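Trainee: Protein chains in written order, with our numbering: chain A, 1 to 508; chain B, 1 to 508. Yeah, the Cβ is synthetic: ideal placement off N, Cα and C, and Gly gets one too. This structure is a prediction, so every number in the text was calculated from the model and none was measured. One structure, pasted below without further comment.
There are 2 protein chains.
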Amino acid sequence: MNPFCENNHDHTLILRRLGIDTSREAVIFMRKDCHVCRSEGFEALTRLKVCNGEKSILATLLVIHSDLLKPDEASLSESAWITLGVKEGERVQISHAEPLESFGLVRSKIYGNKLSEEAFRTILKDVVQRKYSDVHISSFLTACSDDRLDQDEMIGLTKAMVSVGERLIWEKDLIVDKHCVGGLPGNRTTMLVVPIIAAFGLTIPKTSSRAITSPAGTADTMETVAPVDLELKAMRKVVEQEGGCIVWGGAMRLSPADDMLIRVERALNVDSEGQLLASILSKKASAGSTHVVIDIPLGPTAKLRTSEAARVLGQHLETVGAAIGLKVKVVITDGKEPIGRGIGPSLEARDVLSVLQNEADAPSDLRERGLVLAGEVLELAEAVAKGQGKHTAEAILVDGRAWKKFQAICQSQGGMREPKKARFMHPVESPRTGKVVAMDNRRIARVAKLAGAPKAQAAGMDLHIHLNQAIEKGEALFTLHAETQGELQYALSYLRSLPEIISIEGGA
Amino acid sequence: MNPFCENNHDHTLILRRLGIDTSREAVIFMRKDCHVCRSEGFEALTRLKVCNGEKSILATLLVIHSDLLKPDEASLSESAWITLGVKEGERVQISHAEPLESFGLVRSKIYGNKLSEEAFRTILKDVVQRKYSDVHISSFLTACSDDRLDQDEMIGLTKAMVSVGERLIWEKDLIVDKHCVGGLPGNRTTMLVVPIIAAFGLTIPKTSSRAITSPAGTADTMETVAPVDLELKAMRKVVEQEGGCIVWGGAMRLSPADDMLIRVERALNVDSEGQLLASILSKKASAGSTHVVIDIPLGPTAKLRTSEAARVLGQHLETVGAAIGLKVKVVITDGKEPIGRGIGPSLEARDVLSVLQNEADAPSDLRERGLVLAGEVLELAEAVAKGQGKHTAEAILVDGRAWKKFQAICQSQGGMREPKKARFMHPVESPRTGKVVAMDNRRIARVAKLAGAPKAQAAGMDLHIHLNQAIEKGEALFTLHAETQGELQYALSYLRSLPEIISIEGGA
Numbered sequence: 001m002n003p004f005c006e007n008n009h010d011h012t013l014i015l016r017r018l019g020i021d022t023s024r025e026a027v028i029f030m031r032k033d034c035h036v037c038r039s040e041g042f043e044a045l046t047r048l049k050v051c052n053g054e055k056s057i058l059a060t061l062l063v064i065h066s067d068l069l070k071p072d073e074a075s076l077s078e079s080a081w082i083t084l085g086v087k088e089g090e091r092v093q094i095s096h097a098e099p100l101e102s103f104g105l106v107r108s109k110i111y112g113n114k115l116s117e118e119a120f121r122t123i124l125k126d127v128v129q130r131k132y133s134d135v136h137i138s139s140f141l142t143a144c145s146d147d148r149l150d151q152d153e154m155i156g157l158t159k160a161m162v163s164v165g166e167r168l169i170w171e172k173d174l175i176v177d178k179h180c181v182g183g184l185p186g187n188r189t190t191m192l193v194v195p196i197i198a199a200f201g202l203t204i205p206k207t208s209s210r211a212i213t214s215p216a217g218t219a220d221t222m223e224t225v226a227p228v229d230l231e232l233k234a235m236r237k238v239v240e241q242e243g244g245c246i247v248w249g250g251a252m253r254l255s256p257a258d259d260m261l262i263r264v265e266r267a268l269n270v271d272s273e274g275q276l277l278a279s280i281l282s283k284k285a286s287a288g289s290t291h292v293v294i295d296i297p298l299g300p301t302a303k304l305r306t307s308e309a310a311r312v313l314g315q316h317l318e319t320v321g322a323a324i325g326l327k328v329k330v331v332i333t334d335g336k337e338p339i340g341r342g343i344g345p346s347l348e349a350r351d352v353l354s355v356l357q358n359e360a361d362a363p364s365d366l367r368e369r370g371l372v373l374a375g376e377v378l379e380l381a382e383a384v385a386k387g388q389g390k391h392t393a394e395a396i397l398v399d400g401r402a403w404k405k406f407q408a409i410c411q412s413q414g415g416m417r418e419p420k421k422a423r424f425m426h427p428v429e430s431p432r433t434g435k436v437v438a439m440d441n442r443r444i445a446r447v448a449k450l451a452g453a454p455k456a457q458a459a460g461m462d463l464h465i466h467l468n469q470a471i472e473k474g475e476a477l478f479t480l481h482a483e484t485q486g487e488l489q490y491a492l493s494y495l496r497s498l499p500e501i502i503s504i505e506g507g508a
Numbered sequence: 001m002n003p004f005c006e007n008n009h010d011h012t013l014i015l016r017r018l019g020i021d022t023s024r025e026a027v028i029f030m031r032k033d034c035h036v037c038r039s040e041g042f043e044a045l046t047r048l049k050v051c052n053g054e055k056s057i058l059a060t061l062l063v064i065h066s067d068l069l070k071p072d073e074a075s076l077s078e079s080a081w082i083t084l085g086v087k088e089g090e091r092v093q094i095s096h097a098e099p100l101e102s103f104g105l106v107r108s109k110i111y112g113n114k115l116s117e118e119a120f121r122t123i124l125k126d127v128v129q130r131k132y133s134d135v136h137i138s139s140f141l142t143a144c145s146d147d148r149l150d151q152d153e154m155i156g157l158t159k160a161m162v163s164v165g166e167r168l169i170w171e172k173d174l175i176v177d178k179h180c181v182g183g184l185p186g187n188r189t190t191m192l193v194v195p196i197i198a199a200f201g202l203t204i205p206k207t208s209s210r211a212i213t214s215p216a217g218t219a220d221t222m223e224t225v226a227p228v229d230l231e232l233k234a235m236r237k238v239v240e241q242e243g244g245c246i247v248w249g250g251a252m253r254l255s256p257a258d259d260m261l262i263r264v265e266r267a268l269n270v271d272s273e274g275q276l277l278a279s280i281l282s283k284k285a286s287a288g289s290t291h292v293v294i295d296i297p298l299g300p301t302a303k304l305r306t307s308e309a310a311r312v313l314g315q316h317l318e319t320v321g322a323a324i325g326l327k328v329k330v331v332i333t334d335g336k337e338p339i340g341r342g343i344g345p346s347l348e349a350r351d352v353l354s355v356l357q358n359e360a361d362a363p364s365d366l367r368e369r370g371l372v373l374a375g376e377v378l379e380l381a382e383a384v385a386k387g388q389g390k391h392t393a394e395a396i397l398v399d400g401r402a403w404k405k406f407q408a409i410c411q412s413q414g415g416m417r418e419p420k421k422a423r424f425m426h427p428v429e430s431p432r433t434g435k436v437v438a439m440d441n442r443r444i445a446r447v448a449k450l451a452g453a454p455k456a457q458a459a460g461m462d463l464h465i466h467l468n469q470a471i472e473k474g475e476a477l478f479t480l481h482a483e484t485q486g487e488l489q490y491a492l493s494y495l496r497s498l499p500e501i502i503s504i505e506g507g508a
């Protein structure tokens, strides 16, 4: 079948584990003067095929100019070592990678042609099998970004994403879900909606993502109070027991192509509409959902900045959703400023807990938004009459059923815990007296990230003000939280290099 | 000024050279459990700033899980080691990379906005300073590919490419040049045009590229007969002495941004119009040219496939050229089949030498094309009357002046040598009797590359037929040349997996 390995029985090298982690890209290390490099003229970045018996992977070559390896040795990056299932001292065969035929389809897209569902499936199969280097994935993402995909292609991409992964089958006909397109710091409504909906009695198996370009994803925030890294089987048990869960989707290989792509998207700090849409809907379809409410925050520094763009995305989500069998309702919400007070996993979890526990000073904006979305889910599922959704949701929150359900879900996911608190805190004061007239979501997110979020769970920013609020010169606008002094300094350095991320006008 | 290094005097590690070549992308290797990774939470693929006194670079982190390094040690990839100018045992400071602000401009391009010359300059400065990882470069290339750049942007990109590199100043007012957009195997006319034009008395300081996606670039082919890796000063001396040269442009840092981009373009196997145009014209402008003839081969498997596309590219080249002060004449030529017989550096050089030496069986198509282009250069420069160009060029070839000049140029570049011959040859026979009706340039190029070209100079393919020629079943269509048995096998395997790359029709 494949002539590229079998003809080269002399092109073998002995594996030695150097323990180098290159993230997911498979890398092979070989000496410049090994017989394989010499006879084949391989040089750094050549793509090679590495065979271990029946198994094979494609890997990018990095060349060793020293005695790190002996001339008859090679090494593999950690992920490649595991994927290929090799042991120290085993021999692998090395040969030219066969041409990556599916990249011809990406090239065709670059040249402006349309791609079919079949074409996307061909590409994504190779992506999932790690045949694409990060450079190839970057090009695919860029070629499919922005308005380069039309509606048929979005449908094709979404279906292809679903088809290359696993798909959950539930015993119920009605499976609800909610999602937020993101871009708004602190918008942690999932952790309110899931317990309300599950307490009502519907099934909501929510898989969330970790942060891509933001200081916290729902999975990061949830992780501060309970494990989210559940295997499929464990997640299914939680849902059967409690009616809902809030887990990390990545652990589950639902839409694995999306996980491979997101890693490079994160390096690029780029989200595109087609990818966004395929990412959201493929996860929902793979999770077996039938009815999905999608929150699109709209504001000058949110992900969606004009009502036209939000409307178009909303329409695409509903149409593409219908094409793959999902009933989608889009809710466009106010995205002018962060939601709640905390930004960063632990701080956001603290806000969520105070809403669930009906504390008097719980952030009312977060509470209101959670209730609106939970209400929309109930109405979309036709579980309550039109107009009764929010009211029903509020009753479940107020009488403590939501809080009880949340605790039960946390227990079922592996046990509830307290969010960590940061070691270092630093208040940042208002430079003048006046009124808050604008807040830059993007830069606020960046400051929280520089302070260490989401990796450092307790890091981030605690906002003390909201839009239109009056403030005195010298009062704290927000407090930075960090787990290391270094990260606190990065965040402060960045703040000093910027125009104001929170604009204060007027006042004496 | 820059707060990212100075605040972290404790974040230092001791350098140990592991000798790992990652091509041009700068990589830093650190132990997972070193105090810097632990305190900062760095993980594989994080972009870091590495400071050595005043000098600093950005590098991508790969994480070591073994004893390859001690906990207080780090290593750098070979190119990073050299760029940063460090020594074994020195301490470097490591910190978060400041945000790559210029990538915001790439993002803006992805979202469909226009980029100004200033924006391109900002991006390319960072590219040349190696602040972009390969993943970033891949995205930039893809975002600017195909029809994503309008004419103003092409001008901006070209000017920016020129401005971030060096520019040659000559003492003459008239500096001529020629270029081929490529895509046609064997089209090695530069090695004919340069000696003819220089023998005529004009100045033609030709810098050529190595192969990007083809089995040989002019620099690769010229290298089989003379050194091409000349420094700027040496190249200038050749031109002053002989009126012309044929050297590798990459050694000269003319348009260094282009060299950084081409490396990733090669990995992607993608050429785009805007990049192509900026690449060509920036090299020409940087080399100080004033009049440039550009050859665009047109054919069903050439780089340009429709006369409309060739016309549009030609018009862009002339217009963008004019905008940056170059007089450009585009010549659209027949690109239906390879030129000459050999494909691969040595084989192509052999064809060129036979034309220069007026051998009776020299490939007439290569000769004809060289004369046409040399004639166009003479006419564009107004060195001869309209219509007299080709005739003048032919006289210089026929009477041996061109051959004499070519030898003198080779001598001046460091000495003339014989092209190598391949160790392994394998004829491939026609499967039937008939007439050659089509030749697939792309697949012919791929077979020559799998046989080892351009890295193995003598490797490639020697064609024994041309379009419309009659052939008997069992006669050789072409002969594969390779320097290793393995490469010969790859080429043969690929051939077997394909439909015919040379189509034969009719016959009995």
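Using a Cβ-Cβ cut-off of 6 Å (strictly less than) and excluding sequence neighbours within five positions of E348 (chain A), which residues of its own chain qualify?
Mentor: Cβ neighbours of E348 (chain A) beyond the five flanking positions: G186, R188, A216, T221, G342.
Trainee: What do you reckon, is the C-beta of S77 (chain B) under 7 Å from a heavy atom of the ligand NAP?
Mentor: This structure simply doesn't include the ligand NAP, nor any ligand for that matter.
Trainee: With distances taken from CA atoms, which of A:L281, A:L304, A:S354 is nearest V320 (chain A)?
Mentor: Minimum Cα distance to V320 (chain A) is reached at A:L281.
Trainee: Determine the direct distance from the alpha carbon of C144 (chain A) to that of F513 (chain A), and round the result to whole angstroms.
Mentor: This structure cannot speak to residue 513 (chain A), because chain A is shown only from 1 to 508.
Trainee: Applying the 10 Å Cβ sphere with the 16-neighbour rule, what's the burial state of M425 (chain B)?
Mentor: The residue in question, M425 (chain B), is exposed, as its Cβ has fewer than 16 Cβ neighbours within 10 Å.
Trainee: For S56 (chain A), which beta-bridge partners are listed by DSSP?
Mentor: Paired residue(s): A:C51.
Trainee: If you measure between the beta carbons of A97 (chain A) and L48 (chain A), is that distance less than 8 Å?
Mentor: In contact: A97 (chain A) and L48 (chain A) (Cβ atoms closer than 8 Å).
Trainee: To the nearest angstrom, report how far apart E6 (chain B) and V50 (chain B) are at their CA atoms.
Mentor: Residue confidence is low: E6 (chain B) scores 45 on pLDDT, short of 50, so the model does not pin down where it sits. Its coordinate-derived value is still stated next. Approximately 11 Å between the Cα atoms of the pair.
Trainee: Can you find the residues in the same chain that come closer than 8 Å, C-beta to C-beta, to K172 (chain A), ignoring five residues on each side of it along the sequence?
Mentor: T203.
Trainee: Which of helix, strand or coil does DSSP assign to R130 (chain A)?
Mentor: Reduced to three states, the DSSP call for R130 (chain A) is coil.
Trainee: Can you tell me which residues form a DSSP beta bridge with G244 (chain A)?
Mentor: Bridge partners of G244 (chain A): A:I204.
Trainee: Quick check on K435 (chain A): does DSSP put it in helix, strand or coil?
Mentor: Residue state, collapsed to three classes: strand.
Trainee: Check whether the Cβ atoms of L184 (chain A) and A374 (chain A) lie closer than 8 Å to each other.
Mentor: Contact flag unset, no.
Trainee: Considering only C-alpha positions, which residue in the set A:A393, A:L168, A:A476, A:M235 is nearest to G201 (chain A)?
Mentor: The residue with the shortest Cα to Cα distance from G201 (chain A) is A:A393.
Trainee: Rank B:G415, B:M235, B:L174 by C-alpha distance to the C-alpha of L326 (chain B) and give the top, closest one.
Mentor: Of the listed residues, the one whose Cα sits closest to L326 (chain B) is B:L174.
Trainee: Strictly below 7 Å CB to CB, what residues from chain A border G274 (chain B)?
Mentor: Near G274 (chain B) there are no residues of chain A at all, since even the closest Cβ is about 12 Å away, more than 7 Å.
Trainee: In terms of residue numbering, what span does the beta strand (DSSP E) encompassing I280 (chain A) cover?
Mentor: From DSSP, I280 (chain A) is part of no beta strand (DSSP E) but of the alpha helix (DSSP H) over 273-286.
Trainee: For the stretch 236-251 of chain A against the stretch 397-415 of chain A, do three or more pairs of beta-carbon atoms, one drawn from each stretch, fall closer than 8 Å, so that the two count as touching?
Mentor: Judged by Cβ distances under 8 Å, the stretch 236-251 of chain A makes contact with the stretch 397-415 of chain A, as three or more pairs qualify.
Trainee: Quick check on the DSSP output: the alpha helix (DSSP H) that includes M154 (chain A) runs from which residue to which?
Mentor: Taken as a continuous stretch (DSSP letters only), the alpha helix (DSSP H) holding M154 (chain A) covers 151-163.
Trainee: Using only CA atoms, which one of B:A199, B:V437, B:R24 lies nearest to A402 (chain B)?
Mentor: Cα-wise, what sits closest to A402 (chain B) is B:A199.
Trainee: If the criterion is Cβ atoms closer than 8 Å, does the pair W248 (chain B) and A219 (chain B) meet it?
Mentor: Cβ distance < 8 Å, so W248 (chain B) and A219 (chain B) count as in contact.
Trainee: Does any C-beta atom of chain B lie closer than 8 Å to the C-beta of E78 (chain A)?
Mentor: It does; some Cβ of chain B falls within 8 Å.
Trainee: Tell me, which residues are paired with I20 (chain A) by DSSP?
Mentor: B:I64, per the DSSP bridge assignment.
Trainee: Please report how far the alpha carbon of I155 (chain A) lies from the alpha carbon of A323 (chain A), in whole angstroms.
Mentor: For I155 (chain A) and A323 (chain A), the distance between alpha carbons rounds to 7 Å.
Trainee: Less than 8 Å between the beta carbons of L141 (chain A) and L268 (chain A), yes or no?
Mentor: Yes, the pair counts as a contact, with Cβ atoms nearer than the cut-off.
Trainee: Can you give me the C-alpha to C-alpha distance between R369 (chain A) and A395 (chain A), rounded to a whole angstrom?
Mentor: Near 15 Å, if we compare the C-alpha coordinates of A395 (chain A) and R369 (chain A).
Trainee: Spatial neighbours of K131 (chain B) within its chain, please: C-beta separation below 7 Å, excluding the five flanking residues on both sides.
Mentor: L58, L100.
Trainee: Taking V330 (chain A) and I294 (chain A) to be in contact with their CB atoms under 8 Å, please state how far apart those CB atoms are, rounded to whole angstroms.
Mentor: That pair is a contact at about 5 Å.
Trainee: In the structure shown, what three-state DSSP assignment does Q93 (chain B) receive?
Mentor: Reduced to three states, the DSSP call for Q93 (chain B) is strand.
Trainee: Using Cβ-Cβ distances below 8 Å, what residues of the stretch 439-471 of chain B are close to chain A?
Mentor: Hits within the stretch, in order: R446, L450, G452, K455, A456.
Trainee: Where Y494 (chain A) and V428 (chain A) are concerned, what is the direct C-alpha to C-alpha distance, given to the nearest angstrom?
Mentor: Distance between the alpha carbons of Y494 (chain A) and V428 (chain A): 13 Å.
Trainee: Determine the DSSP secondary structure at E505 (chain A), reduced to helix, strand or coil.
Mentor: Of the three classes helix, strand and coil, the one that applies to E505 (chain A) here is strand, per DSSP.
Trainee: Taking the alpha carbon of D258 (chain B) as the point to measure from, which residue in B:L397, B:I504, B:E376, B:R121 has its own alpha carbon closest?
Mentor: Comparing Cα-Cα distances from D258 (chain B) to each of B:L397, B:I504, B:E376, B:R121, the minimum goes to B:R121.
Trainee: Can you give me the C-alpha to C-alpha distance between D72 (chain A) and R350 (chain A), rounded to a whole angstrom?
Mentor: The alpha-carbon atoms of D72 (chain A) and R350 (chain A) are separated by roughly 56 Å.
Trainee: Tell me, please, which residues DSSP counts as bridged to E166 (chain B).
Mentor: Answer by DSSP bridge pairing, in chain order: B:L254.
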